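Input: a single structure, listed below in C-alpha cells.
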Amino acid sequence: MKKYFSLLIAVLMISAIICGCSQNTDQPSNGSNDEPVVFRMLYDVENTTLNYLASGKELEHAVACNMVDGLVEFDNHSNIVPAMAESWTTSDDGLVWTFKIRQGQKWYDNTGKEIADVTANDWVSGLKLVCDPKTDSGTYDQVKVIKGAEAYFNALAAGNEANFDDVGVKAIDTYTLEYTLERPTPYFLGGLAYACWLPVYGPLMDSLVTETGNDFGTSIDKIYSCGAFILTEWEPQVKQTFVKNTNNWDADRVYLDRIEKTYNAEAATLAPTMVLRDEIDFAKISND
0 MKKYFSLLIA VLMISAIICG CSQNTDQPSN GSNDEPVVFR MLYDVENTTL NYLASGKELE
60 HAVACNMVDG LVEFDNHSNI VPAMAESWTT SDDGLVWTFK IRQGQKWYDN TGKEIADVTA
120 NDWVSGLKLV CDPKTDSGTY DQVKVIKGAE AYFNALAAGN EANFDDVGVK AIDTYTLEYT
180 LERPTPYFLG GLAYACWLPV YGPLMDSLVT ETGNDFGTSI DKIYSCGAFI LTEWEPQVKQ
240 TFVKNTNNWD ADRVYLDRIE KTYNAEAATL APTMVLRDEI DFAKISND
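The numbering of the sequence shown is numbering that gives the first Met the number 0, which starts it at 0 and goes up by one.
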C-alpha cells in the first residue's frame, strides 16, 4: 500500500489553504513584504463542475473550500471554530440551532467585482438547492437531519407540490440563521463544515437553476466567491487560479496572495523533481 508524504514546505504552506484559514502568521519562505506570496502546484485530475452543492467528490469540495466559507470550520487541532458564523446557540433539547452571521462579508464574481452582502438567506438558498431532486446532490443524505428536508425532497421526487417554508431552515433576520433538526444530532455542528452546508447567492442561483436545467457552477462566471480566495481562472485541463480575498473576515491569517494550479497528466511523476528545481511548491512522493 502506498504511503504518501508531503514535502516539508508543502505541509507548512498547504495548511493555510484548507478552508482559507491559517493559524500561522509567519511569512512563508517564497515571498517578502514587497512580493506577492504565490503557491504553485500541479494537478492531474480535473474538476467536472464548480457546483459544490451538487458534487459529492472530495476534489471538487477542495476547490469550494478555498472560495466559499461556511458557518464553521476546523482549526489545526481539529477543533470546531467560528467561520462565517461569529457565534451560535442551541436550544435545551438540541433541536434548534441559531447562528449569527458575520456582517460586512461580500460575494464577488470571478473578476473580483463586489456583488452583494453575504446574508443568512444565502444558507437558506443553499439548502433549498441541495434538497431539490433535480440537483442530484451527492451529499443530500447529510441534510436529512433538518426537519422536513426529507419530506420536501420526496414530495418533489414524486412529482408533487412541496413548500420549502415547511423545511427547518429560516433567515430570522438579515444576519441570523436558524436550523431546526428532526432529532438531536451530536455531530451536526461539525457537519456544517462540509460542502453541502455552504451558502449560495440566491439571485444567482435563481437565474441559473430553472425547470429546464441547472447551469450553476458550470463555469467561473456562473459562481461567486465569499471565502478566503476568489477563483479568477478555470481552464479545464489547463489551470486554476485563486486570488486572495482581502476583505475576508480571516484575511490577516491567510498568508498566500495567489494559488496557481497547473494541469499536468504526469503530475505525480514530475512534481517531486519540479519542487527540487523550485518550479512548484508541493508534491506527493511515494516510499515505494
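Idealized CB from N, CA, C, for every residue including glycine.
Please read all numbers here as calculations on a predicted model, not as lab measurements.
Self-check item: Residues bridged to Pro81 [DSSP beta-bridge criterion]
Solution: Within the DSSP secondary-structure output, Pro81 pairs in a beta bridge with Val71.
Quiz item: Given a threshold of 16 other Cβ atoms within 10 Å of its Cβ, counted over all protein chains shown, does Thr173 qualify as buried or as exposed?
Solution: Taking a 10 Å sphere around the C-beta of Thr173, we find fewer than 16 other C-beta atoms and assign the residue as exposed.
Exercise. Could you check the C-alpha separation between Tyr223 and Lys105 for me, to the nearest Å?
Key: Rounded to the nearest angstrom, the two C-alpha atoms are 10 Å apart.
Quiz item: Within 10 angstroms of its Cβ, does Pro198 collect 16 or more other Cβ (buried), or is it exposed?
Solution: With 16 or more other Cβ atoms within 10 Å, it is buried.
Quiz item: For the putative contact between Thr48 and Thr217, defined by C-beta atoms under 8 Å, what is the C-beta separation to the nearest angstrom?
Solution: A Cβ-Cβ separation of about 7 Å places Thr48 in contact with Thr217 under the 8 Å criterion.
Exercise. State yes or no: is the C-beta of Gly55 within less than 7 Å of the C-beta of Gly137?
Key: Contact: yes.
Practice problem: Pick out the complete alpha helix (DSSP H) segments inside the stretch 92-159, 4 residues or longer, and give them in chain order. | Solution: Within the stretch 92-159, the complete alpha helix (DSSP H) runs of at least 4 residues fall at 120-129 and 148-156.
Quiz prompt | Spatial neighbours of Arg182 in its chain, beta-carbon cut-off 8 Å, leaving aside the 5 residues before and after | solution = Hits under 8 Å: Leu94 and Val144.
Quiz item: So does the stretch 199-212 actually touch the stretch 79-87, counting three or more Cβ pairs closer than 8 Å?
Solution: The answer is no - the stretch 79-87 does not touch the stretch 199-212, with fewer than three Cβ pairs under 8 Å.
Practice problem: Check Ile279 in the structure and name its three-state DSSP category. | Solution: The answer is coil: DSSP assigns Ile279 none of H, G, I, E or B.
Exercise. Going by DSSP, name the residue or residues bridged to Asp172.
Key: Per DSSP, the beta bridge partners of Asp172 are Thr175.
Quiz item: To which residues does DSSP link Ile229 through a beta bridge?
Solution: Paired residue(s): Val242.
Quiz item: Which partner residues of Trp87 appear in the DSSP bridge assignment?
Solution: Partner(s): Phe98.
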